[in-house]
Amino acid sequence: MQDAGFDCVELDDGGIYALNETLTFTIPLYEFFTDFPRALLGLGWEQKIDAVFSHIADPRVRKIIHAHLAEELISRADYASAVRDIGRLRLQMNAQFSAQNIGLLAYPTSPCQVPPLSHVNRPELFAEVIRNTDLASNAALPSV
């Protein structure tokens, strides 16, 4: 980027990432349990919802889904707090941009090579792959 004429600066994004972590799974998981059943109902699948949840093939995904179904792992209050944190995250990002006179925030979006198919069952793979795109996604920022 410097070769293209950009000034590059390092910044401490620890506070931003700490706030971002409050959103990463809370919002998508909570919304999954409202939006997905609503979609199935819209398709006329009222009688098939349990069957759909019972036939989740990936054991890790099945474990998360069934744990939430049994215990409501994410409460409405947790979700509301995470939604408020989106606003806080955007404010912090704007403050960073202003304080540092930043016009573009670039993180490497591919922190690792695309893994071979034989590695897709590693539990930590998802976190590794989304590591540097998660912030932009949660803050609704364009990413480079």
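Heads up: the sequence shown at position 86 corresponds to 86 in UniProt numbering, and the numbers run straight through without jumps. For glycine and all other residues, C-beta sits at the position ideal for the given N, C-alpha and C. Note that the structure is predicted; figures quoted are calculated from it, not measured.
- The alpha-carbon separation between E124 and P28 amounts to approximately 18 Å.
- In chain order, I49 place their CB closer than 7 Å to the CB of P37, counting only its own chain and leaving out the 5 sequence neighbours on each side.
- Just measuring C-alpha positions, the residue of E31, Q2, N101, N94 sitting nearest L73 is E31.
- In the assembly as shown, D134 is a buried residue. Its beta-carbon has 16 or more other beta-carbons within 10 Å.
- Comparing C-alpha distances from E21 to each of C8, S81, E10 shows the shortest one belongs to S81.
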